[in-house]
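Residue numbers (my numbering), protein chains in the order written: chain A, 2 to 337; chain B, 661 to 1162. C-beta: ideal position from N, C-alpha, C; glycine also. Note that the structure is a prediction, hence the values are computed from the model and not measured. These notes concern the structure reproduced below.
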Amino acid sequence: MAGKSGRSISATPENTLKKTIFSWEGVLVILFIAVNIFCMTISDVYNLKNVLREMPKYLAEIFLLLPMAFILVLGEIDISVGSIVCLSATVSCMVCNKGIPFICVILVGILVGTACGMVNGAILTKFDELPPMIVTLATQIIFRGIAEIALGSGGSVSLSNADGFRAIAGRVGIVPYIFFLVIIFAVIAAVILGKTTFGRRVYAMGTNRLTAYYSGVHVKKIRFLIYTVMGALAGICALFMVSSSYGANTTTGSGFEMDAIAMAVFGGISSTGGKGNLAGGIISAFIIVCLRIGLGQVNMNPQLILLILGVLLICAVALPNVIAEIKNARKVASRK
Amino acid sequence: MSEYILELKGITKIFPGVKALNNVQFQLKPGEVHALMGENGAGKSTFIKVITGVHKAEEGEMFLNGQKVDFKGPRDAQAAGIAAVYQHPTSYPHLTVAENIFMGHEIIKNHMIQWKAMNTEANKLLKELNADFDATAEMGALSVAQQQMVEIAKALSTNAKIIILDEPTAALTKSESEELYRIVDKLKAEGVSIIFISHRFEDMYRLASRITVFRDSQYIGTYDVDGITNADLIKAMVGREISDLFPKPEVKLGKEMLRVEGLSRTGYFKDVSFSVRAGEIVGLTGLVGAGRTEVVESICGITTPDSGKVYLEGQEMHIKQPSEAMEKGIILLPEDRQKEGLIMSWGLGRNVTLPTISKYAKNGFNDEKTERELSKNLLEEVDTKAVDIFQPASSLSGGNQQKVVVAKALSQEMKVVIMDEPTKGVDVGAKAEIYAIMGDLAQKGYAIILISSEMPEILGMSDRIIVMCNGRKTGELSREEATQEKILELAMEKGQSGKGAK
């Protein structure tokens, strides 16, 4: 039914193939290929088998990237996740050493993370004027503090029986379990964010929370849920950390929150909220993982690797702006 | 010396994708108040920005006192004695009034700001305007009207000879507008030339001596206020005749939909009771700050009332948040379109379907195809002036944005629609269209609450009028008995100074 003036409004979407190729994700795929070629040229041992062998310790962080992407799309930030990983790893090591069945150890690890996430979520929804950065800074200190108290003077705990954790570090052929798990989780998360009503509401909240609230979005429920899931996945991340180091100490998971944020931002997810998608985040995560493995293989100083990643990050953040400026300038020029 | 203090000829301004101004002209006589009128999106604001040097026109010339000028930026315009007071005061809320007035041209001696001199000077300017606040007050603590006074003082502090007022009365109450009229008269008497943009005909008749009308980025004409009838002026602005601005249909009222009993919220409103029937439009009016918005926000669960009951179709409701209100069938179309009504960077279609995505979703997955069709139909139903459903809401004019907000309410089966100032900042053509939609809704059996400060709108559209003052309901008038005087009397009450309730 057309309006009184008979004006018709088009509802046909543009052809998106060209858009996809020239999108930021398209750029990232090319970059991913470039990084792999680069690594193969600098390192003789950079091949599929070796990469997959070294991958697990880096892959665990991708569990953090997924919910972090949701939080960033909300326009918020959670910097307590590294500490949640530490606390969760510590507690699961300790209960494992008590000799309880391994399935319970896994549950405890996830539950500890979930509980921490719920604390964040509860504080943030109860007092929704508080900035998430400050709240999670406080819980970052608290969670790691609890872990340090539990760890006591030694500052670390080692597994007395690592059978269970060794099992989850297993492989199918040359591919580690964690790889499959990461891919499954990543696909689920990407679909939720990109294709479901839940995802749409997250974008709405990240772009204009007040409008979303007035439009009937359950703002509090969604925020609470996301922070809780963040905690749960931090628990899973912690379990895989333990499975690669057979223990936990006061520095476990330290800096992970920044790694996760960096991967997301590199993947085009804006930290101001409402922009980006998980496809970009996941590709960029693998770019960073591959780069780290490759540079690690040629024995590059880890600090230098960090420096390179930092420079890449700045380029990644600046590039879309530069492209937009060029496009704009062209548009104006062509109109004249 | 030229007859005109300011003259613009053949101005064309192109933005990527649109010609915002197409060969327009304008002449301002010394000491006159010149109204610039036109629908939203007609190019008035762009034109103002060309005058003040914010935008550079692609074509055209500008003469100041007969001299050709070429502004490189706002500073040049300021130096030439042109100052603009924008619709939304662009102030620094945490700084003092004096700091705001002298922002950018502080009184400086030896690289040090002369606070004392600045405050004295600011107070002198404020006194000239009869302001009742001090220069050391914090900007954010002032009312919109007072902030506007500061903006005018700021313009005077730069010794402006031409002052541009961009919709200054949009956010003001009646008495505050009177105060503004007085200031404008005073400036005029002092020889300042004023360009005045407003959608209110009242402002124009009260102040202006000449009117220039823009439509669709083009110059339509310049008229003497005394020499043109209201109908002709509207026709010039809209480009067609509007036979009936308030197409209020005769609707047979249905059963009672919403009843509010003794609703109170400490500090905001007290003991408010009323009811709305299906097909009825109830006007809720009063001065700005009378507590109208607060009442409906409580009904919709945005805030929680301290006491009182709300019934929907006879059932008592306990609503804690807007989502629950919408599930029950009550929707509030908020006053502030940009902050509360729309997601400005989103496409129109997504904005329309945001409240109802779950309804068409399959197992939680968005059904984009259905969404596209539905939003297209709804946007056409409210006659939105848009190219496609993917263009961002920010690309529409105010009136069309409001239509999108209305379309949001139509995307689901609603029983009660509450519209808070639906025509604020909307031009006359779009206003008529919004009223028509409102009439349609009533005919379809919606119960409608219309909050508005605009008298003609309230009188023209409401079946019943509820008047509030200082957080209390002071009266209820039927369509037949309501007059502007009666409403004002109730809205101001005895002993009230009429400066708004805050």
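Next item on the list: Leaving out five residues on either side along the sequence, give the residues of the same chain with a beta carbon under 6 Å from the beta carbon of B/Leu-1070.
Entry: These residues qualify, in order along the chain: Leu-1038.
Check: Taking Cβ to Cβ, would you say B/Leu-918 is nearer than 7 Å to B/Ala-1107?
Finding: Yes.
Check: Under 7 Å between C-beta atoms, does A/Ala-90 make it to chain B?
Finding: Not an interface residue.
Item checked: Contacts that A/Phe-199 makes with chain B (C-beta to C-beta distance below 7 Å) -> In chain order: Gly-1024.
Next item on the list: For the beta strand (DSSP E) holding B/Asn-682, just list the boundary residues, first then last.
Entry: For B/Asn-682, the enclosing beta strand (DSSP E) has its first and last residue at 678–688.
Note to self: For a cutoff of 7 Å on Cβ pairs, would you count A/Tyr-215 as touching chain B?
What the structure shows: Chain B, which has a Cβ nearer than 7 Å to the Cβ of A/Tyr-215, makes this yes.
Notebook entry, point to check: Ends of the beta strand (DSSP E) at B/Lys-728?
Noted result: In the DSSP assignment, B/Lys-728 falls within the beta strand (DSSP E) that extends over 727–729.
Item checked: With 16 other Cβ atoms within 10 Å as the buried cut-off, status of A/Val-46 -> Classification for A/Val-46: exposed.
Margin query: Which same chain residues end up closer than 7 Å to A/Phe-257 when comparing Cβ atoms and leaving out the 5 residues on each side of it in sequence?
Written below: The beta carbon of A/Phe-257 sits closer than 7 Å to the beta carbons of Glu-62, Leu-65, Val-82, Gly-83 and Val-86 from its chain, once the five residues preceding and following it are set aside; these are given in chain order.
Item checked: is_contact[A/Asn-209, chain B] using C-beta, thresh 7 Å -> It does; some Cβ of chain B falls within 7 Å.
Note to self: List, from N- to C-terminal side, the beta strand (DSSP E) runs of 3 residues or more that fit wholly inside the stretch 1028–1065 of chain B.
What the structure shows: With a minimum length of 3 residues, no continuous beta strand (DSSP E) run stays inside the stretch 1028–1065 of chain B.
Check: If you measure from the beta carbon of A/Ala-3 to each beta carbon in chain B, is any gap under 7 Å?
Finding: Annotation note: pLDDT 41 at A/Ala-3 (below 50); position unreliable, no value reported.
Next item on the list: Decide if B/Gly-1160 is buried, meaning its Cβ has at least 16 other Cβ atoms within 10 Å, or exposed.
Entry: Residue placement at B/Gly-1160 cannot be trusted, given a pLDDT of 39 that sits under 50; what the coordinates show is reported in the next sentence. B/Gly-1160 should be labelled buried.
Next item on the list: Measure from the C-beta of A/Thr-212 to each C-beta in chain B and report whether the shortest distance is under 7 Å.
Entry: Under the Cβ criterion of 7 Å, A/Thr-212 is counted among the residues facing chain B.
Item checked: Cross-chain neighbours of B/Glu-1033 in chain A, by beta carbon under 9 Å -> Residues of chain A with a Cβ closer than 9 Å to the Cβ of B/Glu-1033 are, in chain order, Ala-12.
Next item on the list: Give the single residue among A/Ile-237, A/Arg-210, A/Ile-147 and A/Tyr-178 whose Cα lies nearest to the Cα of B/Leu-1002.
Entry: Checked all of A/Ile-237, A/Arg-210, A/Ile-147 and A/Tyr-178; the closest Cα to B/Leu-1002 is A/Arg-210.
Item checked: Residue from B/Glu-1140, B/Thr-1143, B/Asn-1130 and B/Gly-1089 whose Cα sits closest to the Cα of B/Arg-875 -> Checking every option, the nearest Cα to that of B/Arg-875 belongs to B/Gly-1089.
Notebook entry, point to check: With a cut-off of 7 Å, does the C-beta of B/Leu-1014 fall near any C-beta of chain A?
Noted result: By this cut-off, B/Leu-1014 is an interface position.
Note to self: Whether or not the stretch 818–827 of chain B and the stretch 850–861 of chain B are in contact is what I'm after, with contact meaning three or more pairs of Cβ atoms, one per stretch, closer than 8 Å; do they touch?
What the structure shows: Because the criterion of three Cβ pairs below 8 Å is met, the stretch 850–861 of chain B and the stretch 818–827 of chain B touch.
Margin query: Spatial neighbours of B/Asp-931 within its chain, please: C-beta separation below 6 Å, excluding the five flanking residues on both sides.
Written below: So the list reads Gly-922 and Ser-924, once near-sequence residues are dropped.
Next item on the list: Tell me, to the nearest whole angstrom, how far the beta carbon of B/Gly-943 is from that of B/Ile-1118; I am working on the premise that it is less than 8 Å.
Entry: At roughly 4 Å, the Cβ-Cβ gap stays under 8 Å, so B/Gly-943 and B/Ile-1118 are in contact.
Item checked: Under 9 Å by beta carbon: chain B residues contacting A/Lys-50 -> For A/Lys-50, no chain B residue has a Cβ inside 9 Å of its Cβ, as the nearest lies near 38 Å away.
Next item on the list: Look up B/Gly-946 in the DSSP assignment and say whether it is helix, strand or coil.
Entry: Here B/Gly-946 sits in strand by DSSP.
Next item on the list: Decide if B/Ser-983 is buried, meaning its Cβ has at least 16 other Cβ atoms within 10 Å, or exposed.
Entry: So B/Ser-983 counts as buried.
Check: Does the distance from the C-beta atom of A/Tyr-228 to that of A/Val-220 stay below 7 Å?
Finding: Taking 7 Å as the Cβ cut-off, A/Tyr-228 and A/Val-220 do not qualify as a contacting pair.
Check: What do you reckon, are the CB atoms on A/Cys-105 and A/Phe-144 nearer than 7 Å?
Finding: Cβ distance not < 7 Å, so A/Cys-105 and A/Phe-144 don't count as in contact.
Check: Under three-state DSSP, which class holds B/Glu-976?
Finding: DSSP places B/Glu-976 in strand when its eight states are reduced to three.
Next item on the list: Please name the residue, chosen from A/Val-173, A/Pro-132, A/Gly-110 and A/Met-119, that lies closest to A/Ala-148 on a Cα-to-Cα basis.
Entry: Looking at the Cα atoms, A/Gly-110 is the closest of the given residues.
Note to self: Please report the straight-line C-alpha distance between B/Asp-1043 and A/Leu-292, rounded to a whole angstrom.
What the structure shows: B/Asp-1043 and A/Leu-292 have their C-alpha atoms roughly 54 Å apart.
Next item on the list: Identify every run of the beta strand (DSSP E) within the stretch 962–1020 of chain B, keeping only runs that are complete inside it and at least 3 residues long; order them along the chain.
Entry: Segments of the beta strand (DSSP E) lying fully in the stretch 962–1020 of chain B: 967–972, 975–977 and 990–993.
Note to self: Pop quiz: A/Ala-239 and A/Gly-254 are said to be a contact at Cβ under 8 Å. What is the actual Cβ separation, rounded to whole angstroms?
What the structure shows: Confirmed, about 7 Å.
Notebook entry, point to check: Which residues in the same chain as B/Gln-1051 place their Cβ atom closer than 7 Å to its Cβ, once the five residues preceding and following it in sequence are excluded?
Noted result: So the qualifying residues of the chain are Gly-1007 and Leu-1008.
Margin query: Suppose you measure from the CA of B/Lys-673 to the CA of B/Phe-707; what does that come to, to the nearest Å?
Written below: Near 8 Å, if we compare the C-alpha coordinates of B/Phe-707 and B/Lys-673.
Note to self: Does chain B have any CB closer than 7 Å to the CB of A/Lys-328?
What the structure shows: Interface criterion not met: the Cβ of A/Lys-328 is under 7 Å from no Cβ in chain B.
Next item on the list: Identify each residue in the stretch 67–83 of chain A for which the Cβ-Cβ distance to at least one residue of chain B is less than 8 Å, and report them in chain order.
Entry: Within the stretch 67–83 of chain A, contact with chain B at the beta-carbon level (separation under 8 Å) is assigned to no residue.
Notebook entry, point to check: On the premise that B/Ala-1046 lies in contact with A/Ile-10, defined as a C-beta separation below 8 Å, what is that separation, rounded to the nearest angstrom?
Noted result: Indeed, because the Cβ distance is near 5 Å, the residues count as touching under 8 Å.
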